[in-house]
Amino acid sequence: MDMKVAKKKLGLKERYSHMTRGLGWDTSYQSMDDVYPYAKYEGIKIHDWDKWEDPFRLTMDAYWKYQAEKEKKLYAIIDAYNQNNGHLSVTDARYLNTVKLFLTGVSPLEYMAHRGFAHAGRSFPGAGPRIACLMQSLDELRHAQTQVHAISNYNKHYNGFHEFRHMHDRVWYLSVPKSFFDDAVTAGPFEFMVAIGFSFEYVLTNLLFVPFVSGAAYNGDMGTMTFGFSAQSDEARHMTLGLEVIKFILEQDPDNLPIVQRWIDKWTWRGYRVLALVAMMQDYMLPKRTMSWKEAWEVYFEENGGALFKDLARYGIKMPECAKTIALEKDHLSHQTWGTFYNYGAAAAFHTWVPDEDEMNWLSAKYPSSFDKYYRPRLEYWREQAAQGNRFYNKTLPMLCTTCQIPMLFTEPGDPTKTCYRETTFKGEKYHFCSDHCKKIFDDEPEKYVQSWLPVHQIYQGNCFPEGTDPTAEGFDPLAAVLQYYHLEFGRDNLDFEGSEDQKNFDAWRGMATRNT
Amino acid sequence: MAVAAVKEYDFAPLDRHENFHGNQLLFIGWEDHLMFCAPFAFPFPPDMPFRAVIEQVLPGAFGYHPDFAQIEWAKAEWFKSGHPWQPDFDKSLADNGLGHKDVIRFRTPGLTGIKGSCS
Amino acid sequence: MPNIMLVLQANEETRPIVEAVAEDNPHARVDHQPAMVKIDAEDRLAIRRESIEEKLGRPFDLQELHINLITLSGHIDETDDEFVLSWNN
Numbered sequence: 001m002d003m004k005v006a007k008k009k010l011g012l013k014e015r016y017s018h019m020t021r022g023l024g025w026d027t028s029y030q031s032m033d034d035v036y037p038y039a040k041y042e043g044i045k046i047h048d049w050d051k052w053e054d055p056f057r058l059t060m061d062a063y064w065k066y067q068a069e070k071e072k073k074l075y076a077i078i079d080a081y082n083q084n085n086g087h088l089s090v091t092d093a094r095y096l097n098t099v100k101l102f103l104t105g106v107s108p109l110e111y112m113a114h115r116g117f118a119h120a121g122r123s124f125p126g127a128g129p130r131i132a133c134l135m136q137s138l139d140e141l142r143h144a145q146t147q148v149h150a151i152s153n154y155n156k157h158y159n160g161f162h163e164f165r166h167m168h169d170r171v172w173y174l175s176v177p178k179s180f181f182d183d184a185v186t187a188g189p190f191e192f193m194v195a196i197g198f199s200f201e202y203v204l205t206n207l208l209f210v211p212f213v214s215g216a217a218y219n220g221d222m223g224t225m226t227f228g229f230s231a232q233s234d235e236a237r238h239m240t241l242g243l244e245v246i247k248f249i250l251e252q253d254p255d256n257l258p259i260v261q262r263w264i265d266k267w268t269w270r271g272y273r274v275l276a277l278v279a280m281m282q283d284y285m286l287p288k289r290t291m292s293w294k295e296a297w298e299v300y301f302e303e304n305g306g307a308l309f310k311d312l313a314r315y316g317i318k319m320p321e322c323a324k325t326i327a328l329e330k331d332h333l334s335h336q337t338w339g340t341f342y343n344y345g346a347a348a349a350f351h352t353w354v355p356d357e358d359e360m361n362w363l364s365a366k367y368p369s370s371f372d373k374y375y376r377p378r379l380e381y382w383r384e385q386a387a388q389g390n391r392f393y394n395k396t397l398p399m400l401c402t403t404c405q406i407p408m409l410f411t412e413p414g415d416p417t418k419t420c421y422r423e424t425t426f427k428g429e430k431y432h433f434c435s436d437h438c439k440k441i442f443d444d445e446p447e448k449y450v451q452s453w454l455p456v457h458q459i460y461q462g463n464c465f466p467e468g469t470d471p472t473a474e475g476f477d478p479l480a481a482v483l484q485y486y487h488l489e490f491g492r493d494n495l496d497f498e499g500s501e502d503q504k505n506f507d508a509w510r511g512m513a514t515r516n517t
Numbered sequence: 001m002a003v004a005a006v007k008e009y010d011f012a013p014l015d016r017h018e019n020f021h022g023n024q025l026l027f028i029g030w031e032d033h034l035m036f037c038a039p040f041a042f043p044f045p046p047d048m049p050f051r052a053v054i055e056q057v058l059p060g061a062f063g064y065h066p067d068f069a070q071i072e073w074a075k076a077e078w079f080k081s082g083h084p085w086q087p088d089f090d091k092s093l094a095d096n097g098l099g100h101k102d103v104i105r106f107r108t109p110g111l112t113g114i115k116g117s118c119s
Numbered sequence: 001m002p003n004i005m006l007v008l009q010a011n012e013e014t015r016p017i018v019e020a021v022a023e024d025n026p027h028a029r030v031d032h033q034p035a036m037v038k039i040d041a042e043d044r045l046a047i048r049r050e051s052i053e054e055k056l057g058r059p060f061d062l063q064e065l066h067i068n069l070i071t072l073s074g075h076i077d078e079t080d081d082e083f084v085l086s087w088n089n
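Printed below as a string of C-alpha cells:
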C-alpha cells in the first residue's frame with residue numbers, strides 16, 4: 001500500500017508571490033508606456049515596481065472567501081433587524097437624520113471610490129498595486145451596495161431617504177462631499193492613491209467610521225452598526241494599502257518627496273473639511289453621545305496620526321501645516337457647522353433642531369472654553385424665538401468657498417468672532433476662500449478649480465430649476481423651484497424636527513409597539 | 001503651478017459675469033453677527049443704487065436679528081476685501097467701484113450680537 | 001513612544017482573540033468601548049496563531065482576523081504564524 005505523503009503547503013509569502021507577481025507580465029507587441037499612459041505624467045518616478053510589498057498578502061481566492069463570509073453575516077443581521085421592526089428601537093427619531101446624511105453624502109462616495117480604484121489599478125504597471133486596487137475597488141462597490149440595502153429599510157418608514165442619488169449631484173451641502181471625490185478621481189492615479197488611499201483612508205477615515213458606527217451602536221441602530229463595521233473590516237486593508245503607497249513612492253526616488261508632501265497637505269485639508277459633517281453628527285445629531293468631535297480628533301488624529309507622521313519623518317515627510325489650523329478649530333467646528341444647517345433648515349433634506357438643556361450641558365462640559373461663550377447664546381435665542389412661533393430660517397443664499405464649496409462659516413484661526421475671508425484673482429476673475437489652505441489649493445491648480453460647480457452661483461445662473469421653469473413668470477418662487485429640482489418635498493423632508501412627520505410617526509408607532517390600544 | 005495633465009488643460013471659469021444674465025455677484029457680511037452663519041451672496045444689476053441694497057435687500061436678509069432695527073447706517077464702517085472703504089449710497093454699485101464677485105462687509109459699532117457674543 | 005492600535009468588533013469570535021493578544025502582549029491596554037474593543041500598545045503588538053488556537057480549541061487562520069477587524073495603525077508583517085504591528089522608529 002502506498003503511503004500518502006502530505007504535500008508541503010506553500011507559506012503565505014510564497015502563495016502571495018505566485019498568485020500576484022507570478023500572474024503579471026510585461027507587454028511585448030506594444031510599449032509599456034502606451035499600455036499604461038497615465039503612469040508617468042504626474043512626475044512620480046518609479047524605477048522598480050517589484051519593490052512593492054502588500055503587507056496583508058491576501059490573494060484573490062482568500063479574498064472571495066472572507067468577503068463572502070462578511071456578507072452572509074451582514075445580511076443575516078440586517079434581515080433580523082428589519083423583521084423585528086428594529087427602526088423603533090433607536091433612541092429617538094432625531095437619530096435617523098444622521099443616517100439620512102450618511103446615505104446622501106457618503107454612500108455615493110463609496111461608489112465613486114469603486115470607480116477610482118478600478119481606474120488607478122488599471123493605470124499602474126506593477127502587479128502588486130494592481131491586485132490591491134482591484135480588491136479595494138470591489139470592497140467599495142460592496143460598501144455602496146450594503147449601505148443602500150441596509151438603509152433602504154428606513155425609507156419605508158421615514159422621509160428624506162427617497163432620492164439620495166438624485167440629491168447627491170444637486171443639493172447644496174452635498175456638493176461638498178461630491179466635489180471632494182470628483183476632485184480626487186479627476187487627478188492622476190498616484191494623486192488619487194495619496195488622496196483617498198492615504199490621506200482619507202489612513203489619516204481620516206477612522207474619524208468617519210469608528211465614532212459614527214460606535215454611535216449607531218449606542219443609539220440602537222443595529223443595521224447601520226452592522227454595515228459600518230462590515231465596511232470597516234475592509235478599511236483596515238485599505239489603510240494598509242494607503243500607507244504602502246506612500247512608502248513605496250518615497251523609496252523609489254527622492255524627487256517624489258515634494259510632490260507627495262504637497263498632495264498630503266492638500267488632501268488632509270480637503271478631507272478634514274468634509275468631516276465637518278461628521279463633527280456635527282457626533283456633537284449634535286446623536287441623541288445618545290459617544291465621544292465629542294474634539295475627543296475623536298485627539299485620539300484618531302493627534303495621537304495615531306502623530307505616530308504615523310513621526311514614522312514617515314525618515315522619508316522627509318512632515319505633518320501637514322493645516323494640522324495647526326485644525327487644532328485651533330476643534331473647539332468650534334461642530335457648533336459652527338450645526339448652526340449653518342439650523343440656518344438653512346428649510347433647504348436641507350433632513351431635520352434640524354436646537355439641542356435640549358441636557359445636551360447643551362454636555363456640550364458645555366466637552367467644550368468648556370467655547371460653548372457657553374460663543375454658541376449657547378445663539379442657540380438659546382433660537383430656542384426662545386421658536387417657542388414664540390418665530391423659528392429662524394435663513395432664506396438668503398450664503399457665500400461659498402471656491403475650493404471646499406462650504407458656506408463661508410469658518411472663523412479666523414484664533415478668533416471665533418470673525419469670519420475668515422481669503423481671496424485671490426486669476427485671469428481677471430475673483431475667487432473667495434474660507435481659509436489659507438483652501439486658497440493655497442486653488443493657487444496651486446487654478447485651472448482646475450475655476451470649474452467649481454458652486455450651488456449658490458448655479459442657482460443664480462438659473463441652472464437649478466426643474467426643466468421648463470420660467471423664472472420670469474409672475475409670482476415665481478425661486479426657493480420652491482430649487483427644492484423641486486432637488487426632489488426635496490417641502491414640509492416633509494425639511495424644516496425643524498419639532499412637529500415633523502418623522503417625529504409624529506415614530507412616536508405613534510413606538511406607542512403601538514408598547515401598548516395594546 | 002499648473003495642473004499636471006496628459007494634454008492641454010484649459011477651461012472657461014463657470015462663474016463668468018456673462019453667465020448671470022446681466023447681474024453681477026456681490027457678497028455682503030455683517031461683522032460681529034455670526035448668528036447668520038456666513039456672508040450672503042446676491043445677484044444685482046450693476047446699475048442698482050447702493051441705497052436700494054441697504055433699504056430693500058438687507059432688511060430681508062438680516063432683519064431677523066434684534067440688532068438690525070438699531071443700526072444707524074450713518075455710523076456703519078465699511079470694508080471692501082477687508083480694507084476700509086466708503087460707499088456712496090446714492091451712486092450705483094458700478095459707480096461705487098463694485099465689480100463681479102466683490103466682497104464687502106459692514107461693522108455696526110455698539111452692536112455686538114446676542115448678549116454680546118458676536119452671534 | 002508611538003502608539004500601535006488594533007480595534008476589533010466586540011463579539012464571541014473576537015473574545016478569545018483579544019484574550020490571547022492581551023496575554024501575549026503584557027504591555028498592551030485593552031479598552032472595551034460600545035460594540036468594539038480597542039487595543040493600544042507602545043511600538044509593537046504581536047498576534048500569534050498558536051495562542052489564539054489554544055483559546056479557541058480549533059485551528060485558526062490569521063487571515064480570519066479580516067472578518068472582525070475595525071481598524072489598526074502601524075506597519076504590518078504577516079506570516080502564517082504571526083501578525084505583527086510595529087512602528088520602525
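The listed protein sequences derive, respectively, from chains A, B and C. All residue numbers for the first sequence refer to UniProt numbering, where the first residue is 1 and numbers rise by one. All residue numbers for the second sequence refer to UniProt numbering, where the first residue is 1 and numbers rise by one. All residue numbers for the third sequence refer to UniProt numbering, where the first residue is 1 and numbers rise by one. Heads up, the beta-carbon is just placed ideally off N, CA and C, and yes, glycines get one too.
Within chain A, the residues that residue i reaches when beta carbons sit closer than 7 Å
| i | result |
| --- | --- |
| His27(C) | Those do not exist, as His27(C) stays about 15 Å from chain A at its closest Cβ, beyond 7 Å. |
| His21(B) | Gly462 |
| Pro59(C) | Correct list: empty, because the minimum Cβ distance to chain A is about 13 Å. |
Any chain A beta carbon closer than 8 Å to residue i
| i | result |
| --- | --- |
| Val53(B) | no |
| Ile114(B) | yes |
| Gly110(B) | no |
Close-in-space but distant-in-sequence residues of the same chain around residue i (CB under 8 Å, 5 per side omitted)
| i | result |
| --- | --- |
| Asn505(A) | Ala93, His157 and Tyr158 |
| Arg29(C) | Ile39, Asp40 and Ala41 |
Beta carbon proximity, residue i to chain B, threshold 8 Å
| i | result |
| --- | --- |
| His432(A) | yes |
| Pro413(A) | no |
| Tyr381(A) | yes |
| Tyr158(A) | no |
| Lys266(A) | no |
| Pro125(A) | no |
| Gly188(A) | yes |
Where residue i sits in the DSSP three-state scheme
| i | result |
| --- | --- |
| Asp436(A) | helix |
| Phe40(B) | strand |
| Gly24(A) | coil |
| Thr186(A) | coil |
| Gln24(B) | strand |
| Phe442(A) | helix |
| Ala12(B) | coil |
| Leu250(A) | helix |
| Val171(A) | coil |
Distance CB(residue i)-CB(residue j) smaller than 8 Å
| i | j | result |
| --- | --- | --- |
| Ile76(C) | Val210(A) | no |
| Ser123(A) | Tyr36(A) | yes |
| Ala347(A) | Asn494(A) | yes |
| Gly339(A) | Arg383(A) | no |
| Glu72(B) | Arg107(B) | no |
| Tyr300(A) | Asn206(A) | yes |
| Leu397(A) | Ile441(A) | no |
| Trp269(A) | Glu191(A) | no |
| Phe20(B) | Val103(B) | no |
Contacts of residue i in chain B (Cβ-Cβ under 9 Å)
| i | result |
| --- | --- |
| Gln30(A) | Those within 9 Å of Gln30(A) in chain B number zero; the least Cβ separation is about 17 Å. |
| Gln405(A) | Ordered by position in chain B, no residue passes the 9 Å Cβ test against Gln405(A), which lies about 12 Å from the chain. |
Residues of its chain near residue i, where Cβ-Cβ distance is below 6 Å and the 5 sequence neighbours each way are ignored
| i | result |
| --- | --- |
| Leu62(C) | Arg49 and Phe83 |
| Tyr367(A) | Asp331 |
| Asn153(A) | Asn82 |
| Arg21(A) | Ala127 |
Cross-chain neighbours of residue i in chain C, by beta carbon under 7 Å
| i | result |
| --- | --- |
| Phe212(A) | Per Cβ cutoff of 7 Å: no residues; Phe212(A) is ~12 Å from chain C at best. |
Cβ neighbours of residue i in the same chain (closer than 7 Å, five flanking residues each side left out)
| i | result |
| --- | --- |
| Thr98(A) | Met281, Met285 and Leu286 |
Contact list for residue i against chain A, beta-carbon separation under 8 Å
| i | result |
| --- | --- |
| Ala94(B) | Per Cβ cutoff of 8 Å: no residues; Ala94(B) is ~15 Å from chain A at best. |
| Ser78(C) | Going by the sequence as given, residue 78(C) is Glu instead of Ser. Residues of chain A passing the Cβ test: Leu12, Pro55, Phe56 and Arg57. |
Residue-chain proximity (residue i, chain C), Cβ-Cβ < 8 Å
| i | result |
| --- | --- |
| Asp311(A) | yes |
| Met60(A) | no |
| Tyr218(A) | yes |
Under 9 Å by beta carbon: chain A residues contacting residue i
| i | result |
| --- | --- |
| Met48(B) | Going along chain A, no residue has its Cβ under 9 Å from Met48(B), so there is no contact; the nearest lies around 15 Å. |
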